[in-house]
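Data first, discussion second: the structure below is written as structure tokens.
Residue numbers (the working numbering): 25 to 310.
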């Protein structure tokens with residue numbers, strides 16, 4: 025960042041109980057951080073927008089954005105968290121959930137159930153193994169991961185909270201014997217289980233452990249009274265990167281409803297440095 029400036033980021037937020045007050049909350053946030061020395065404030069309001077209303081460039085129209093954000097100076101920017109996700113409704117019975125899957129997904133779930141694999145929920149005691157697994161996954165599939173402290177802080181803060189309506193985080197693990205073949209870091213909050221990070225081993229992939237991972241997590245969530253399984257991110261744009269196509273194909277195979285969010289927005293405190301930062305970031309991304 026120029027001159028060591030920083031920015032403030034509110035991922036998938038702010039959360040507002042009554043969305044009619046969103047523009048007021050955003051104005052208050054912008055004012056609150058005015059003297060923080062930050063270059064800009066970045067927000068991602070969890071406001072859903074019908075896909076049919078999006079423009080050809082993949083963005084909601086100006087009048088839709090203004091409806092929620094007002095005209096308080098927020099600028100649309102590239103999405104940080106996925107702008108679209110998939111929600112699987114957990115209210116149908118187990119048989120109905122199974123039937124809602126793509127036939128190939130059903131086949132792979134059935135296969136994984138026959139392979140003597142075990143599933144469990146864990147906390148920070150499995151962090152070291154998860155860290156090793158997600159590093160090998162990132163190297164294999166060529167994606168970036170967070171620093172170790174990101175996962176450590178999440179699990180230390182929320183890894184022992186009860187699975188109720190309060191915020192809790194768990195590692196879901198699938199093992200063959202004592203070897204972890206697949207794992208996910210999941211958020212349990214307000215009736216929704218969110219699949220945030222995933223990892224899988226190079227060995228044992230023919231056992232379909234990732235399918236058992238999600239199926240058993242969904243069933244556990246349903247048993248505990250959770251209403252939805254949030255797959256966190258998909259990209260159905262035909263021009264999306266090849267990596268997104270595989271991820272989206274895997275997730276949509278489970279059935280569910282596509283949800284599209286309003287997007288990511290910046291409020292610039294130092295407009296000169298902000299636009300220079302955007303120019304440099306754009307050049308780096310190519």
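Glycine included, every Cβ here is placed at the ideal spot set by N, Cα and C.
Run through DSSP, which three-state label would residue i get?
i           : result
residue 225 : coil
residue 58  : coil
residue 71  : coil
residue 192 : strand
residue 40  : coil
residue 284 : strand
residue 1   : In the structure as shown, the chain begins at 25 and stops at 310. Residue 1 is therefore absent and cannot be evaluated.
residue 158 : helix
residue 220 : strand
residue 272 : helix
residue 134 : helix
residue 233 : helix
residue 306 : helix
residue 129 : helix
residue 182 : helix
residue 299 : helix
residue 187 : coil
residue 278 : coil
residue 26  : Summary for residue 26: the model assigns pLDDT 49, below 50, so the residue's position carries little reliability; its value from the coordinates is reported in the next sentence. Of the three classes helix, strand and coil, the one that applies to residue 26 here is helix, per DSSP.
Whole angstroms are fine: how far does the CA of residue j sit from the CA of residue i?
i           : j           : result
residue 49  : residue 203 : 47 angstroms
residue 279 : residue 115 : 13 angstroms
residue 251 : residue 122 : 16 angstroms
residue 268 : residue 205 : 22 angstroms
residue 126 : residue 142 : 24 angstroms
residue 98  : residue 138 : 52 angstroms
residue 96  : residue 56  : 14 angstroms
residue 246 : residue 198 : 18 angstroms
residue 292 : residue 298 : 6 angstroms
residue 302 : residue 63  : 11 angstroms
residue 313 : residue 155 : The question about residue 313 has no answer, for the chain in this structure spans 25 to 310.
residue 176 : residue 232 : 27 angstroms
residue 194 : residue 275 : 20 angstroms
residue 174 : residue 230 : 31 angstroms
residue 149 : residue 306 : 40 angstroms
residue 216 : residue 253 : 6 angstroms
residue 168 : residue 237 : 22 angstroms
residue 181 : residue 210 : 14 angstroms
residue 140 : residue 119 : 21 angstroms
residue 248 : residue 43  : 28 angstroms
residue 158 : residue 214 : 27 angstroms
residue 47  : residue 36  : 15 angstroms
Per the DSSP calculation, residue i is bridged to which residue(s)?
i           : result
residue 64  : 31 and 292
residue 198 : 143 and 206
residue 252 : 113 and 216
residue 99  : 290
residue 152 : Paired residue(s): none; residue 152 is not in a bridge.
residue 108 : 284
Does the beta carbon of residue i sit closer than 8 angstroms to a beta carbon anywhere in chain C?
i           : result
residue 288 : Here chain C cannot be found, since the structure has a single protein chain.
Assuming the contact rule is C-beta atoms closer than 8 angstroms, residue i and residue j should be a hit. Round their C-beta distance to whole Å, please.
i           : j           : result
residue 192 : residue 185 : 4 angstroms
residue 68  : residue 288 : 5 angstroms
residue 222 : residue 200 : Actually they do not touch by this definition, with Cβ atoms about 17 angstroms apart.
residue 133 : residue 239 : 5 angstroms
residue 260 : residue 272 : 6 angstroms
Are residue i and residue j closer than 8 angstroms when you measure CB to CB?
i           : j           : result
residue 243 : residue 212 : no
residue 124 : residue 282 : no
residue 110 : residue 255 : yes
residue 277 : residue 101 : no
residue 147 : residue 183 : yes
residue 104 : residue 286 : no
residue 31  : residue 136 : no
residue 34  : residue 66  : yes
residue 257 : residue 106 : yes
residue 179 : residue 151 : yes
residue 161 : residue 60  : no
residue 53  : residue 74  : no
residue 164 : residue 117 : no
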